[in-house]
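Since the structure comes first, as structure tokens, the remarks are kept for the end.
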Amino acid sequence: MIEGAENIRDIFAIFHDGEIYKAELNKNTLTLFVWIRYLTQRINANFTYFIVDIYNITDVKFSTWESIPQTLSKIDEIFAWILDILQSRASESIIQVECNQTSPECHYCGGELSFCSDHCEVSDESGKKYSIDELEAICNEYWDEFANRNASKTNNS
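For the sequence shown, my numbering assigns the number 24 to the initial residue and increments by one for each residue that follows.
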């Protein structure tokens, strides 16, 4: 179990560059499927996504970036298009996730997903659950290796 708005915010920061490609709402639990292969492959070479179950979710909305912004509040409208995770923040109990959207059929280029929740769970495709510390470790290992690869390329040039 991952508790607190700051920790939920950190999940989306860890999943930066991931894509929310599917969402399901069951009563007050929102389940997001986040495609983020560069992290899932560190667990299993065949995995492609994490599942984020956000419990006791309220006040879900998506404010679009466009000349005349819209605020979407229906789950099927918010997640009708793949949302690319850019960055996240939290203030008090509100989690805000900035998302890009690149589908040419969509009339907006992205926006801000916001919601309130007090806890969530993150699992991989096999159902194994992860703590925030485990997710941070997976992410940090990836970015450390990435930096080392780039440093060695620079040094070999």
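For glycine and all other residues, C-beta sits at the position ideal for the given N, C-alpha and C.
Reduced DSSP category for residue i - H, G, I as helix; E, B as strand; rest coil
i      : result
Cys132 : coil
Asp147 : coil
Ile161 : helix
Asn103 : Note that residue 103 is Ala in the sequence shown, not Asn. Three-state DSSP puts Ala103 in coil, outside helix and strand.
Asn49  : strand
Glu89  : coil
Glu115 : coil
Ile74  : strand
Asn30  : helix
Ile43  : strand
Asn171 : helix
Asp156 : helix
DSSP beta-bridge partners of residue i
i      : result
Phe35  : Bridge partners of Phe35: none, in fact.
Arg60  : Note: Arg60 sits in no beta bridge, so no partner.
Lys97  : Per DSSP, none; premise fails for Lys97.
Asn123 : Asp107, Gly133
Ile25  : Cys143
Expected contact under 8 Å - CB spacing of residue i and residue j to nearest Å
i      : j      : result
Ser140 : Gln119 : 12 Å between Cβ atoms; not a contact.
Thr54  : Thr63  : With 8 Å as the limit, Thr54 and Thr63 do not qualify as a contact, their Cβ atoms being about 16 Å apart.
Ile80  : Asn51  : 6 Å
Glu26  : His130 : Actually they do not touch by this definition, with Cβ atoms about 37 Å apart.
Phe38  : Ile108 : 5 Å
Val75  : Ser96  : The pair is not a contact, with the Cβ atoms about 20 Å apart (cut-off 8 Å).
Tyr44  : Ile105 : 5 Å
Sub-8 Å separation of residue i and residue j beta-carbons
i      : j      : result
Glu42  : Trp58  : yes
Met24  : Glu157 : no
Thr61  : Tyr153 : Per the sequence shown, the amino acid found at residue 61 is Tyr instead of Thr. Cβ distance not < 8 Å, so Tyr61 and Tyr153 don't count as in contact.
Ser126 : Phe73  : no
Gly133 : Ser86  : no
Ile155 : Arg65  : no
TODO: Answer yes if the segment 29 to 37 comes into contact with the segment 100 to 113, meaning at least three C-beta pairs across the two stretches below 8 Å, and no otherwise.
DONE: yes
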